[in-house]
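Counted from 1, the sequence shown has number 276 at position 276 by full-length UniProt numbering; the numbering is strictly sequential.
Here's the structure, in structure tokens; my notes come after.
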Amino acid sequence: MTEHRFNNSYIIAISFISALGGYLFGFDFAVISGALPFLRTTFGLTPWWEGFLTGSLALGCIVGCLIAGALADRYGRRPGLMTAAVIFALSSVGMAFSNSLTDFIAMRFAAGIGVGMASMLSPMYIAEISPAAVRGRNVAINQLTIVIGILITNLVNYLLADNGPDAWRWMFGLGAVPSLFFLLGVIWLPESPRWLMQVNQNEKAIRVLSKIGNPNFAEHTVVDIKRSLQGALQSTGASVWSAGMRKAIIPGILLAVFQQFCGINVVFNYTSTIFESVGANLNQQLFETVSIGVVNLVFTIIAMWQVDKLGRKPLMLAGAAGLSVIYIVLALLLKNQAAAGLLSVFVLIAIALYATSLAPVTWVLIAEIFPNHIRARATTIAVVALWAAYFVLVFTFPILAQQLGAYGPFYMYAGICVLGFLFVRTRITETKGKTLEEISGGFH
Numbered sequence: 001m002t003e004h005r006f007n008n009s010y011i012i013a014i015s016f017i018s019a020l021g022g023y024l025f026g027f028d029f030a031v032i033s034g035a036l037p038f039l040r041t042t043f044g045l046t047p048w049w050e051g052f053l054t055g056s057l058a059l060g061c062i063v064g065c066l067i068a069g070a071l072a073d074r075y076g077r078r079p080g081l082m083t084a085a086v087i088f089a090l091s092s093v094g095m096a097f098s099n100s101l102t103d104f105i106a107m108r109f110a111a112g113i114g115v116g117m118a119s120m121l122s123p124m125y126i127a128e129i130s131p132a133a134v135r136g137r138n139v140a141i142n143q144l145t146i147v148i149g150i151l152i153t154n155l156v157n158y159l160l161a162d163n164g165p166d167a168w169r170w171m172f173g174l175g176a177v178p179s180l181f182f183l184l185g186v187i188w189l190p191e192s193p194r195w196l197m198q199v200n201q202n203e204k205a206i207r208v209l210s211k212i213g214n215p216n217f218a219e220h221t222v223v224d225i226k227r228s229l230q231g232a233l234q235s236t237g238a239s240v241w242s243a244g245m246r247k248a249i250i251p252g253i254l255l256a257v258f259q260q261f262c263g264i265n266v267v268f269n270y271t272s273t274i275f276e277s278v279g280a281n282l283n284q285q286l287f288e289t290v291s292i293g294v295v296n297l298v299f300t301i302i303a304m305w306q307v308d309k310l311g312r313k314p315l316m317l318a319g320a321a322g323l324s325v326i327y328i329v330l331a332l333l334l335k336n337q338a339a340a341g342l343l344s345v346f347v348l349i350a351i352a353l354y355a356t357s358l359a360p361v362t363w364v365l366i367a368e369i370f371p372n373h374i375r376a377r378a379t380t381i382a383v384v385a386l387w388a389a390y391f392v393l394v395f396t397f398p399i400l401a402q403q404l405g406a407y408g409p410f411y412m413y414a415g416i417c418v419l420g421f422l423f424v425r426t427r428i429t430e431t432k433g434k435t436l437e438e439i440s441g442g443f444h
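Pasting the structure below:
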């Protein structure tokens with residue numbers, strides 16, 4: 001059999017451009033951490049409103065996922081990515097010029113629509129254009145751009161913090177710049193070959209596949225996709241909730257919810273609150289966000305290197321087990337008012353564990369475990385569940401921290417990580433090295 005050869009530079013280029021949606025996701029996700037101390041003063045936030053303002057991004061994400069799913073099935077993956085870029089740009093400017101809490105929350109909700117669209121479409125697109133041998137690494141590029149977005153945003157927040165009480169307006173407004181770069185990049189991207197074949201544009205699909213790999217790869221992939229789509233037509237009703245599909249859908253939803261309820265995004269979004277509770281000043285709080293961003297980036301790169309070698313399941317198990325232990329340590333340190341420097345060490349260990357496991361691997365699994373014919377709809381359901389869980393997490397933390405102390409919620413997150421470990425161990429099947437069609441074969 002002729003060997004499959006790939007145009008690796010082209011594959012990485014289109015993966016990175018698509019993954020710029022992840023950068024914008026990282027921006028909107030991280031900017032709130034540096035801006036919250038200013039927003040508390042500007043808008044007089046109570047714990048309830050602080051939680052709702054932070055979580056309003058997630059409510060927009062849910063709407064964005066629903067829009068993206070419909071757009072992706074009807075018009076293709078590219079139009080959805082373009083729409084996300086435009087929404088990012090407009091909402092960034094809108095937040096910067098908000099003069100009331102209502103206006104700001106409305107614009108943050110709109111930003112969430114863009115984040116939700118990109119969080120679903122970018123990894124799905126990359127999975128659909130990537131050969132099996134490098135799919136895990138390529139989908140993890142999306143997580144890499146998320147953490148680059150988080151790091152650069154935290155660094156910019158730190159540098160802007162001394163610019164007076166309106167520094168937060170610059171923090172949000174600068175998001176329009178990468179949004180425009182993303183829009184220009186998406187215009188150059190090819191459409192997903194799997195979507196093209198789904199809508200009977202086979203010649204276009206073959207042209208795209210021929211750019212990705214040699215003729216043998218293109219021919220072999222076309223045959224696999226056709227077989228997969230024919231199997232979909234023969235499957236009973238081709239419903240997302242049919243008995244065969246539920247074997248993929250339910251684990252996908254639970255993975256998405258676990259990635260959020262594991263609790264790490266409390267550390268990302270409420271860094272200033274956590275370190276303020278042990279007496280750190282504003283400058284040190286913002287410096288900690290930068291440290292978190294650096295560690296997050298370094299360990300995400302390690303995860304990209306390992307996800308196609310070690311596999312998905314071992315990384316998920318290690319992350320869940322490690323976080324459950326670290327959270328108990330963090331709870332004890334916060335309860336006993338430990339020095340900020342010691343607290344920082346264990347916060348950074350938690351970030352490192354998450355960055356090499358639950359953060360990238362969950363997105364890889366969600367992008368690859370669903371069959372071709374329901375991938376857009378199934379991914380929508382899983383990512384909607386993820387953002388709903390994120391809203392619950394970030395909305396409840398300020399309220400729980402007020403009632404239980406900043407340390408109290410971390411005991412809960414440790415327990416959830418133990419349950420997540422048991423779930424991954426018993427319900428998740430390794431997908432390393434399999435084509436999307438081979439993975440799909442188990443669900444017809």
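Idealized CB from N, CA, C, for every residue including glycine.
Cα-Cα separation, residue i to residue j
i      : j      : result
Gly237 : His373 : In this predicted model, Gly237 has a pLDDT of only 47, less than 50, meaning its place in the structure is not dependable; the value taken from the coordinates is given anyway. Their Cα atoms are separated by approximately 11 Å.
Leu174 : Val93  : 8 Å
Cys61  : Leu36  : 20 Å
Leu90  : Phe16  : 23 Å
Gln234 : Arg227 : Low confidence applies here, because Gln234 scores a pLDDT of 49, under 50, leaving its location unreliable and the question unanswered by this model.
Gln402 : Tyr411 : 15 Å
Leu45  : Pro398 : 11 Å
Ile105 : Phe172 : 13 Å
Ala70  : Arg377 : 8 Å
Trp168 : Val31  : 9 Å
Thr431 : Ile369 : 8 Å
Pro165 : Thr271 : 19 Å
Val186 : Lys204 : 17 Å
Ala406 : Ala127 : 39 Å
Leu334 : Ala280 : 12 Å
Ser344 : Ile274 : 10 Å
Residues near residue i by beta carbon distance below 6 Å, same chain, minus five either side
i      : result
Gly76  : Glu191, Trp195
Ile146 : Gly22, Phe25, Gly26
Val208 : Pro190, Pro193
Ala359 : Gln143
Pro123 : Val139, Asn142, Trp363, Ala367
Distance between beta carbons of residue j and residue i, contact taken as under 8 Å
i      : j      : result
Val257 : Ala72  : Not a contact, Cβ separation roughly 22 Å.
Gly21  : Phe181 : Not confirmed; about 11 Å, so no contact.
Ala19  : Tyr390 : That belief does not hold up - the Cβ atoms of Ala19 and Tyr390 are roughly 20 Å apart, past 8 Å.
Tyr413 : Tyr327 : 5 Å
Gly34  : Asn157 : 3 Å
Residue i, DSSP secondary structure in three states
i      : result
Gly341 : helix
Gly213 : strand
Pro193 : helix
Gly252 : helix
Val307 : coil
Lys204 : helix
Ala401 : helix
Gly136 : helix
Gly164 : coil
Ala280 : coil
Glu50  : helix
Pro79  : helix
Trp241 : coil
Phe97  : coil
Ile369 : coil
Pro131 : coil
Ile14  : helix
Lys247 : helix
Glu288 : helix
Ser235 : At Ser235, the pLDDT of 48 sits below 50, so the modelled position is not reliable; the number obtained from the coordinates is stated separately. In the structure shown, Ser235 sits in coil (DSSP, three-state: anything other than H, G, I, E or B).
Gly149 : helix
Cys262 : coil
Thr356 : coil
Val199 : coil
Beta-carbon proximity check, residue i vs residue j, cutoff 8 Å
i      : j      : result
Val290 : Asn154 : yes
Ala350 : Ile416 : no
Ala85  : Thr380 : no
Leu151 : Asn296 : yes
Ala133 : Lys434 : no
Phe268 : Phe421 : no
Leu310 : Ser357 : no
7 Å CB neighbourhood of residue i in its chain, flanking five on each side removed
i           : result
Val364      : Gly136, Val139, Ala140, Val307, Arg312
Arg425      : Leu317
Ser179      : Leu24, Ala85, Phe88, Ala89, Ser92
Ser277      : Leu334, Ala406
residue 454 : In the structure as shown, the chain starts at 1 and stops at 444, and residue 454 therefore has no counterpart that could be examined.
Phe443      : For Phe443, the predicted structure reports a pLDDT of 44, less than 50, and the residue's modelled location is therefore unreliable. A value from the coordinates is still provided. Counting only Cβ-Cβ distances below 7 Å, and skipping sequence neighbours, we find Gly244, Met245, Lys247, Ala248, Pro371.
Sequence-distant residues of the same chain with beta carbon closer than 8 Å to residue i, five excluded per side
i      : result
Gly408 : Ala331, Leu400, Ala401
Asn163 : Trp170
Lys211 : Asn7, Tyr10, Pro190
Any non-hydrogen atom of the ligand HEM closer than 7 Å to residue i Cβ
i      : result
Met107 : Looking for the ligand HEM in the displayed structure turns up nothing, as the structure carries no ligands at all.
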